[in-house]
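Novice: The opening residue of the sequence shown carries number 540 in this note's numbering; numbering runs sequentially from there. We put the beta carbon where it would ideally sit given N, CA and C, even for glycine. Just dropping this structure here.
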Amino acid sequence: MNTPATRQTSESIDFNASQVGQSLLETTLRNGAQQMLQQAIEAEVGNYLRLTSDRPCLLVLVGARADGSKELVAVGDGQRESKL
């Protein structure tokens with residue numbers, strides 16, 4: 540995947556999406572994904588319900604097929620790296 544090592548949203552939340560996304564994609568493909576994905580699109584989704592102090596967030600990985608249809612590849616949880 541040709542993505543920057545650190546992505547930045549409009550709220551200036553830094554998240555190392557490239558490494559996490561690549562790991563999730565490799566794990567998902569190893570665990571039985573049958574169709575080749577031409578493009579992986581990363582999108583991070585912040586969890587603004589601050590029930591804990593460790594800044595939880597979600598990484599959502601969506602794949603695009605050759606015909607243009609999109610499919611959910613993986614969802615992973617983690618911690619935001621910013622100090623917001």
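1) Are the beta-carbon atoms belonging to G602 and V614 less than 7 Å from one another?
2) What residue does the beta strand (DSSP E) around E610 start on, and which one ends it?
3) When the Cα atoms are used, what is the spatial distance from A605 to G617?
4) Skipping 5 residues on each side, what residues in its chain have a beta carbon closer than 6 Å to that of S562?
5) Here's a check: name, in chain order, each residue in its chain whose Cβ is nearer than 6 Å to the Cβ of E610, leaving out the five neighbours to either side.
6) A605 lies in the beta strand (DSSP E); which residues open and close that run?
Specialist: Taking the coordinates as given:
1) no
2) K609 to Q618
3) 30 Å
4) none
5) G602
6) First-last for A605: undefined, no H or E at that position.
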